[in-house]
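Peer 1: Chains as they are written, first to last, in my numbering: chain A, 1 to 444; chain B, 445 to 736.
Quick reminder that beta carbons are idealized off the backbone N, C-alpha and C, glycines included.
Bear in mind that the values here come from a model prediction, so they are computed numbers and not experimental data.
Okay, handing you the structure first.
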Amino acid sequence: MKNETRPKARLSRRAILQGAAGLAAMSALPAFGQSGFNWKAASGANLNMAMQKASFATLLEKLMPEFTELTGINVQFEQIPEQQFRPKLVMDLQAGSGEMDVIYISYASQKQLLGKAGWLEDLRPYISDVSKTNADFDVDDFSPAAIAYATQPDGRLDSLPTTIHYNLLAYNKELFAAKNLQPPKTFDEMLAAAKALHDPSNNVAGFVMRGIKNANTSMWTGFMLGYGADPIDAQGNLNTTSPEALEAAKLYTALDKDCGPAGVVSFDWPESQASFMQGQAAMFIDTPGITAACNDPAKSKVAGKVGYVVHPAGPKAHVTPMLGSGFGINKFSTQKDAAWIFLQWVASKENQVKLVAGGAGGAARKSAYPTLLGMSPPPVSPEWVQALNDSILIAKSCIPDVVSANEFRDVYGIALSNMLTGSDPATELASATDQYKQILAQFG
Amino acid sequence: MSLNLTGGLHNAGRYWLFAVPAIVVILAVIAFPWLFTLYASLHLMEPTLPTRFVGLNNFISLFRDPNFGWSLVRTIYFAFLSVVASLVLGVFAALVFHRQFVLRGWARTIFIMPMMATPVATSLIWTMMFHPQVGVLNYILTSVGLPPAQWVSNAATVIPTLALVETWHWTPLVMLIILGGLASLPTEPFEAAKIDGANAVQTFFYVTLPLLWPFVLVCALLRTIEAFKAFDTIYVITRGGPGDASETLNMFLYQNAFSYFHTGYASAVAIVFFLVVLVFVVLQLALKRSAT
Numbered sequence: 001m002k003n004e005t006r007p008k009a010r011l012s013r014r015a016i017l018q019g020a021a022g023l024a025a026m027s028a029l030p031a032f033g034q035s036g037f038n039w040k041a042a043s044g045a046n047l048n049m050a051m052q053k054a055s056f057a058t059l060l061e062k063l064m065p066e067f068t069e070l071t072g073i074n075v076q077f078e079q080i081p082e083q084q085f086r087p088k089l090v091m092d093l094q095a096g097s098g099e100m101d102v103i104y105i106s107y108a109s110q111k112q113l114l115g116k117a118g119w120l121e122d123l124r125p126y127i128s129d130v131s132k133t134n135a136d137f138d139v140d141d142f143s144p145a146a147i148a149y150a151t152q153p154d155g156r157l158d159s160l161p162t163t164i165h166y167n168l169l170a171y172n173k174e175l176f177a178a179k180n181l182q183p184p185k186t187f188d189e190m191l192a193a194a195k196a197l198h199d200p201s202n203n204v205a206g207f208v209m210r211g212i213k214n215a216n217t218s219m220w221t222g223f224m225l226g227y228g229a230d231p232i233d234a235q236g237n238l239n240t241t242s243p244e245a246l247e248a249a250k251l252y253t254a255l256d257k258d259c260g261p262a263g264v265v266s267f268d269w270p271e272s273q274a275s276f277m278q279g280q281a282a283m284f285i286d287t288p289g290i291t292a293a294c295n296d297p298a299k300s301k302v303a304g305k306v307g308y309v310v311h312p313a314g315p316k317a318h319v320t321p322m323l324g325s326g327f328g329i330n331k332f333s334t335q336k337d338a339a340w341i342f343l344q345w346v347a348s349k350e351n352q353v354k355l356v357a358g359g360a361g362g363a364a365r366k367s368a369y370p371t372l373l374g375m376s377p378p379p380v381s382p383e384w385v386q387a388l389n390d391s392i393l394i395a396k397s398c399i400p401d402v403v404s405a406n407e408f409r410d411v412y413g414i415a416l417s418n419m420l421t422g423s424d425p426a427t428e429l430a431s432a433t434d435q436y437k438q439i440l441a442q443f444g
Numbered sequence: 445m446s447l448n449l450t451g452g453l454h455n456a457g458r459y460w461l462f463a464v465p466a467i468v469v470i471l472a473v474i475a476f477p478w479l480f481t482l483y484a485s486l487h488l489m490e491p492t493l494p495t496r497f498v499g500l501n502n503f504i505s506l507f508r509d510p511n512f513g514w515s516l517v518r519t520i521y522f523a524f525l526s527v528v529a530s531l532v533l534g535v536f537a538a539l540v541f542h543r544q545f546v547l548r549g550w551a552r553t554i555f556i557m558p559m560m561a562t563p564v565a566t567s568l569i570w571t572m573m574f575h576p577q578v579g580v581l582n583y584i585l586t587s588v589g590l591p592p593a594q595w596v597s598n599a600a601t602v603i604p605t606l607a608l609v610e611t612w613h614w615t616p617l618v619m620l621i622i623l624g625g626l627a628s629l630p631t632e633p634f635e636a637a638k639i640d641g642a643n644a645v646q647t648f649f650y651v652t653l654p655l656l657w658p659f660v661l662v663c664a665l666l667r668t669i670e671a672f673k674a675f676d677t678i679y680v681i682t683r684g685g686p687g688d689a690s691e692t693l694n695m696f697l698y699q700n701a702f703s704y705f706h707t708g709y710a711s712a713v714a715i716v717f718f719l720v721v722l723v724f725v726v727l728q729l730a731l732k733r734s735a736t
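Here it is, written out as structure tokens:
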């Protein structure tokens, strides 16, 4: 494999202790740092913000009183369903509205759109200003992949990454043990296990992942990275009819169509998750927040029987496909300094630990994982945390960095859905590429 | 106090002031959005590009876009199925509920319940019922020895399945209108038919239906407009899928406006969509006029 020399991020006892000590030291910090930074500098300010509904948003809403107590800043916080939140955000910003001071951005669908329009403040001057930034902020603690993901093509860092969605493989240990199988490490092993475990007569599918258009695209591009190709190369050329793209599409259909549950073409993550949690699928690839819930006894019939491993390696590369989100400051806001204080708090080491401990997603900060693995009793499945930690150094964005990211997801999503209902992968990819090529040329 | 007629006539010139609030509201909520949509349809309006006038380019691109053509075909297919099914079932239900039977009032109340429910909430329930693995519909089918159906997971069955939900939701409205029509029909033609020895089927086709026809056409008109505008049911249950098999005009419009932010192009879709609905409405009104 091409990247066999990549360092493997196994956690040492020392790293765990250092992380835990760091966290303990951070919570003991006074309101004034050595730099003159003051958490109460914008006390009395009122910030407005909204987030799409997600477990992370629910967690933040619970933590908000802590922020107000620390800073004296009040936050009007609203949770809006994803399908309504994204259009509202763009329409507000397009109208030059400063209503939302803090902006929650999903990198896979909005990074380039917001970046190109210049609606978010560049955070680099804030980070380098010692009077505005907590001495413990430690920008180097963010994983290089997360910072690269948040950085715009012109070099501006206009958001702080907080939630990194590394795709993980969850598997049903009981079903694997019954067939004497080991959790897969490669695409070939994953497909072989899916075939061995596929048992439609007993209503058990060998595999399940998103089949509905748009949501399914990141599954296919995730596989494509393992075959050694990006969907769009560095020169902006589409790789979507390449042999690698075709192999990835064949793997996608072999898993989700040939070994997937009936009707998987209409499955988004909730249906896929439900299928796995009902014990009706042996393996499930999805993001951390979604796979974590599979071990929750209140929600899942297979709780306690779920194992987690890092996204399996392809024949050319071992890459964990990632999506992610973060927070930025609205250019039209009149309370930018208060918003920056919020950003530091929301992306703090302490809150990153709480994010992962709550099973709400993967952290962008490296220190979160050793801290969590050092906790006793573990607040969340150590296997899940270890799989996330192992993903940090091999993670790569799986949706191209283009303004028309949503159209990319829809056009290829329809092609993938058609493959699940029997269409030929090569024909579908060629047709989708013809269509998307024009969109890419027109809108970027 | 005496009435000053001269003063009254003198004030007539100022009466229009009382209409100003209504005129302002109409201009703000009806005229402005329409004029802005027309303006946007003639411009390239993108979040990351400067807005510029492009004439009829958006309309030309639209008619060259195969996705638009297919979405129009799907919309007509969906509207045809859901309008015809709700009319047939609604007329049948009205005939049943027109008769006297025990607990008729309760039965009528239960029958109109789907119409009173929120479409988004009921669509979420239907989504769970259509689930191929854990849905109750497939459980019922397999319990009686039938193979499980794909419902909304199959490109061939998704539009009929969505039309089924729409029919379930709106048949009560048709039933209510037709029931009102039946109550207003004269009794003499029915008595004459009975004397002439017409059976129930003959009475229905040769007496009841012709007399009810204006009511049926009103229902068809209302239902056609609603079926073309259907969005919530499709959005919640399939989001236009599988693939794009249930992407109707409204879904196509929504995607372009609120997912891709092609405001100019989406405005052109809105205008063409309005004209399509207008054509169908005019056709039905002409049919109604000729029938009456």
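So which residues of chain B does A:I414 contact, with C-beta pairs closer than 7 Å?
Peer 2: The answer, in chain order, is G687 and D688.
Peer 1: Nearest chain B C-beta to A:A445 closer than 8 Å, yes or no?
Peer 2: Since the first residue of chain A shown is 1 and the last is 444, residue 445 of chain A is not available in this structure.
Peer 1: Keeping to the same chain, check which residues put their C-beta closer than 7 Å to that of A:F332; ignore five residues upstream and five downstream.
Peer 2: Excluding residues within five positions, the ones whose Cβ falls inside 7 Å are G96, S97 and G98.
Peer 1: According to DSSP, is A:F332 helix, strand or coil?
Peer 2: Looking at A:F332 - three-state DSSP - the assignment turns out to be coil, as it is neither helix nor strand.
Peer 1: Measure from the C-beta of B:S515 to each C-beta in chain A and report whether the shortest distance is under 8 Å.
Peer 2: Judged by the 8 Å Cβ criterion, B:S515 is not in contact with chain A.
Peer 1: So which residues of chain B does A:N418 contact, with C-beta pairs closer than 7 Å?
Peer 2: By Cβ distance, chain B contributes G687.
Peer 1: Could you pull out every unbroken beta strand (DSSP E) segment of at least 3 residues lying fully inside the segment 370-404 of chain A, listed in chain order?
Peer 2: Fully enclosed beta strand (DSSP E) runs of 3 or longer: 395-397.
Peer 1: Which chain B residues sit within Cβ distance under 9 Å of A:F137?
Peer 2: Ordered by position in chain B, no residue passes the 9 Å Cβ test against A:F137, which lies about 31 Å from the chain.
Peer 1: Taking A:F443 as the query, report the chain B residues whose CB atoms sit under 9 Å from its CB, ordered along the chain.
Peer 2: Those are E490, T492, L493, Y704 and H706, listed as they occur along chain B.
Peer 1: Could you list which residues in chain B have their beta carbon closer than 8 Å to that of A:N406, in chain order?
Peer 2: By Cβ distance, chain B contributes S703 and Y704.
Peer 1: Keeping to the same chain, check which residues put their C-beta closer than 6 Å to that of A:D101; ignore five residues upstream and five downstream.
Peer 2: L47, N48, N330, S333, Q335 and A339, listed in sequence order.
Peer 1: How many whole angstroms separate the CB atoms of B:S515 and B:D676, which I take to be in contact at a CB cut-off of 8 Å?
Peer 2: The Cβ separation is near 17 Å, so there is no contact.
Peer 1: Quick one: any contact between the segment 305-325 of chain A and the segment 73-83 of chain A, if contact means 3 or more CB pairs under 8 Å?
Peer 2: No: fewer than three Cβ pairs fall under 8 Å.
Peer 1: So the beta strand (DSSP E) A:Y104 belongs to, where does it begin and stop?
Peer 2: Looking at the DSSP string, the run of the beta strand (DSSP E) that includes A:Y104 is V102 to S106.
Peer 1: In chain order, what residues of the same chain lie with their CB nearer than 6 Å to the CB of B:F503, ignoring the 5 residues before and after it?
Peer 2: Taken in chain order, the residues that qualify are A712.
Peer 1: Looking at the structure shown, is A:A50 part of a helix, part of a strand, or coil, going by DSSP?
Peer 2: In this structure, A:A50 counts as strand in the three-state DSSP scheme.
Peer 1: Classify A:E69: buried if its beta carbon has 16 or more other beta carbons within 10 angstroms, exposed otherwise.
Peer 2: With fewer than 16 other Cβ atoms within 10 Å, it is exposed.
Peer 1: So A:N351 and A:G279 are in contact, right, with Cβ under 8 Å, and what is the actual spacing, rounded?
Peer 2: 34 Å between Cβ atoms; not a contact.
Peer 1: Rounding to the nearest angstrom, what Cα-Cα distance links A:K437 and B:A600 in this structure?
Peer 2: Using only the alpha carbons, I get a separation of about 28 Å.
Peer 1: Give the interface partners of A:S97 over in chain B, defined as CB-CB distance under 9 Å, in chain order.
Peer 2: Within 9 Å Cβ-Cβ: nothing; A:S97 doesn't reach chain B, min ~13 Å.
Peer 1: Residues of chain B with CB under 8 Å from A:T448, in chain order?
Peer 2: The structure shown does not extend to residue 448 of chain A, since chain A is modelled only from 1 to 444, so the question has no answer here.
Peer 1: Tell me which same chain residues have a C-beta within less than 7 Å of the C-beta of B:T611, skipping the five on either side of it?
Peer 2: Only S526, A529, S530 and L533 meet the Cβ criterion.
Peer 1: Please list, in chain order, the residues of the segment 111-135 of chain A that have any C-beta partner in chain B closer than 7 Å.
Peer 2: Answer set for the segment 111-135 of chain A: L113, K116 and A117.
Peer 1: Rounded to the nearest angstrom, what separates B:Y583 and B:M572 at their Cα positions?
Peer 2: Whole-angstrom Cα-Cα distance: 12 Å.
Peer 1: Let me check understanding here. Comparing Cα to Cα, which of A:A357, A:D230, A:N389 and A:A368 lies closest to A:P377?
Peer 2: Out of A:A357, A:D230, A:N389 and A:A368, A:A357 has the C-alpha closest to the C-alpha of A:P377.
Peer 1: With distances taken between CB atoms, is the gap from B:G499 to B:L479 smaller than 8 Å?
Peer 2: Going by C-beta atoms, B:G499 is not nearer than 8 Å to B:L479.
Peer 1: Taking A:F137 as the reference, give the member of A:I127, A:M375 and A:A192 with the closest Cα.
Peer 2: Answer by Cα proximity: A:I127.
Peer 1: Is there a Cβ from chain A that is less than 8 Å from the Cβ of B:P576?
Peer 2: True, the Cβ-Cβ gap to chain A drops below 8 Å.
Peer 1: Could you tell me whether the segment 130-145 of chain A touches the segment 296-305 of chain A, using the rule of 3 or more Cβ pairs below 8 Å?
Peer 2: Too few Cβ pairs lie closer than 8 Å, so no.
Peer 1: For the candidate residues A:L60, A:G307 and A:S417, whose alpha-carbon lies nearest to that of A:S381?
Peer 2: The shortest Cα separation from A:S381 among A:L60, A:G307 and A:S417 belongs to A:G307.
Peer 1: DSSP three-state call for A:Q442: helix, strand or coil?
Peer 2: Correct three-state label for A:Q442: helix.
Peer 1: Would you identify the three-state DSSP class for A:A24, choosing helix, strand or coil?
Peer 2: With a pLDDT of 45 at A:A24, under the threshold of 50, the modelled position of this residue cannot be trusted; read the value that follows with caution. Reduced to three states, the DSSP call for A:A24 is helix.
Peer 1: Leaving aside the five residues before and after B:F724 along the sequence, list all residues of the same chain whose C-beta is less than 6 Å from its C-beta, in chain order.
Peer 2: T668.
Peer 1: Beta-carbon separation of B:G513 and A:K213 under 8 Å?
Peer 2: Going by C-beta atoms, B:G513 is not nearer than 8 Å to A:K213.
Peer 1: Any idea what DSSP makes of B:V737, helix, strand or coil?
Peer 2: Because residue 737 of chain B is not part of the residues shown, which for chain B are 445 to 736, the question remains open.
Peer 1: Determine the DSSP secondary structure at B:L666, reduced to helix, strand or coil.
Peer 2: It is helical.
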